[in-house]
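Residue numbers (the numbering used here): 281 to 681.
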């Protein structure tokens, strides 16, 4: 089977075409600045030994339909094409951010599914409308090809009520759907399954703490293949400290800032999402820049790094308590895969939990699954590159078979 995976944003379209017989990437790319005066597209076909198989374009890209036409022309064209006919694509997998409580697994898209996705727009106003737009454009350009929706929130749907409910009046949950949903679920699901396979186990046989650290960060306590708790909440703002997001704070701070700085609720929300986290503490939100600043003696950069590692460490302790026993910890995403300094800081002084990192094994970036624990560590520690596109494609194949 060949599966086209699409991640449609408000002004962008990421895509990847996979041959699922061997799970190989045939082509991938991104279209950005859709709807602006000048948009751009970067497309790669594989194998990419031929320089002509990378295509970069800059031109006006009016809307997502135009963007999808460009992608289709490239995938099937002579310039950097990998298939000769769109009918060779057996399924289209779509990332959808918010599934609410309506979706606890991936599903084939029909009219009722689209209505349910739109019903969750208030819970993800920046993402769900764009995700739905991508589905509708794909339906138009690939008539008869099944579309499969895979939800960021789906993996976390197994959380028990004591984990996902907030201590608010219960009617607010019933009326406004206020609860913990969690995000990055596709990534957490992929790496928790992958580490089980690497350990020679089934997901149902192990307990794992998955640590997804990028510009956005989240963690999950995974018991026997099912998520029991996750750090992000009703929105991606909650949990550990992130690039520009504050993570967990005393909720009374919101009213305090609003009253003392004369800011509206939406302005405080923007502050917490876009000007806080690492950026708020030291002015930098890229961890590579922070490490450079630390090397140059920047005390605020060092403080931001220490705060970041401390908060992740604290969640590891909390999730160890939730799970009772831990078989593995998995680091993934940009920081998790590439930042050995941060990984080392996080795993310092965790011997009481049976976690012992090997300093030499931890060194450097990890482009493939790598175990970084000592031989006598009771808990295995892994770095596993995430592959959300492959996970979406796998779920599409499983569902359609």
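We treat Cβ as the ideally placed atom computed from N, Cα and C, and that holds for glycine.
Being a predicted model, the structure only gives us computed values, none of them experimental.
- Residues that residue 653 bridges to, as DSSP identifies them: DSSP links residue 653 through a beta bridge to 637.
- Query: Where residue 497 and residue 519 are concerned, what is the direct C-alpha to C-alpha distance, given to the nearest angstrom?
  - Reply: A direct Cα-Cα distance of roughly 8 Å separates residue 497 from residue 519.
- Task: Below 7 Å CB to CB, which residues in the same chain sit around residue 638 once its five sequence neighbours on both sides are set aside?
- Result: Around residue 638: 652, 653 and 654.
- Query: So residue 580 is in the beta strand (DSSP E); what residue range does that whole segment cover?
  - Reply: Run containing residue 580: none in the beta strand (DSSP E); it sits in the alpha helix (DSSP H), 579-603.
- Message: When you compare the CB positions of residue 617 and residue 665, do they come within less than 8 Å of one another, or not?
- Response: The answer is yes: Cβ separation under 8 Å.
- Give me the Cα-Cα distance between residue 321 and residue 335, rounded to the nearest whole angstrom. So the alpha carbons of these two residues sit roughly 8 Å apart.
- Message: Need the endpoints of the beta strand (DSSP E) that residue 299 sits in, please.
- Response: In the DSSP annotation of this structure, the continuous segment of the beta strand (DSSP E) that includes residue 299 starts and ends at 293-299.
- Query: Quick one: Cα of residue 303 to Cα of residue 281, how far?
  - Reply: Taking the straight line joining both Cα atoms gives about 9 Å.
- Message: Let me make sure I understand the geometry here. Which of 459, 587, 369 and 433 has the alpha-carbon closest to that of residue 625?
- Response: If we check each option's Cα against that of residue 625, 587 comes out closest.
- Three CB pairs or more closer than 8 Å across the stretch 556-572 and the stretch 509-523: They touch, by the three-pair rule.
- Task: Please name the residue in 636, 598, 644 and 597 whose C-alpha comes closest to that of residue 619.
- Result: Nearest of 636, 598, 644 and 597 to residue 619, Cα basis: 644.
- Message: Ignoring anything shorter than 3 residues, give me the beta strand (DSSP E) runs that lie fully in the stretch 477-563, in order along the chain.
- Response: Along the length of the stretch 477-563, whole beta strand (DSSP E) runs at least 3 residues long occupy 487-493, 497-503 and 506-510, reported in chain order.
- Taking the alpha carbon of residue 371 as the point to measure from, which residue in 363, 284 and 495 has its own alpha carbon closest? Residue 371 has its Cα closest to that of 284, out of 363, 284 and 495.
- Inter-residue CB distance, residue 433 and residue 494 (contact presumed, cutoff 8 Å): With a Cβ gap of about 18 Å, residue 433 and residue 494 do not count as contacting.
- Query: Taking C-alpha atoms, which residue in 427, 453, 597 and 449 lies nearest to residue 500?
  - Reply: Comparing Cα-Cα distances from residue 500 to each of 427, 453, 597 and 449, the minimum goes to 597.
- Message: Tell me the residue span of the alpha helix (DSSP H) that contains residue 675.
- Response: Start and end: 668-680.
- Item | residue 326 to residue 369 span [Cα, whole Å] | Roughly 16 Å between the two C-alpha positions.
- Item | Proximal residues to residue 570 (C-beta, below 7 Å), its chain only, five neighbours per side dropped | Excluding positions up to five away in sequence, the list reads 558, 562, 564, 581, 584 and 585.
- Task: Can you check the stretch 326-364 for any beta strand (DSSP E) of at least 3 residues that lies completely inside it and give the ranges in chain order?
- Result: Segments of the beta strand (DSSP E) lying fully in the stretch 326-364: 334-339.
- Item | residue 360 vs residue 333 beta-carbon contact at 8 Å | Contact check for residue 360 against residue 333 passes: the beta carbons are separated by less than 8 Å.
- Message: Let me check one thing: in DSSP terms, what residues is residue 286 bridge-paired to?
- Response: Residue 286 pairs with 295 and 374.
- Task: Can you tell me which of 429, 366 and 382 puts its alpha carbon nearest to the alpha carbon of residue 390?
- Result: The shortest Cα separation from residue 390 among 429, 366 and 382 belongs to 429.
- What is the residue span of the alpha helix (DSSP H) that residue 417 lies within? Counting along the chain, the unbroken alpha helix (DSSP H) around residue 417 starts and ends at 408-421.
- Message: Closer than 8 Å is the cut-off here; do at least three beta carbon pairs connect the stretch 410-418 with the stretch 288-295?
- Response: The stretch 288-295 and the stretch 410-418 touch, with three or more beta-carbon pairs separated by less than 8 Å.
- Task: Return the bridge partner residues of residue 431 from the DSSP annotation.
- Result: Secondary-structure assignment with DSSP links residue 431 through a beta bridge to 376.
- Backbone CA spacing between residue 487 and residue 575 [nearest angstrom]: Whole-angstrom Cα-Cα distance: 37 Å.
- Message: Please list the terminal residues of the continuous alpha helix (DSSP H) segment that includes residue 629.
- Response: Run containing residue 629: none; DSSP gives neither H nor E here.
- Message: Rounding to the nearest angstrom, what Cα-Cα distance links residue 439 and residue 512 in this structure?
- Response: In a straight line, the C-alpha of residue 439 is about 13 Å away from that of residue 512.
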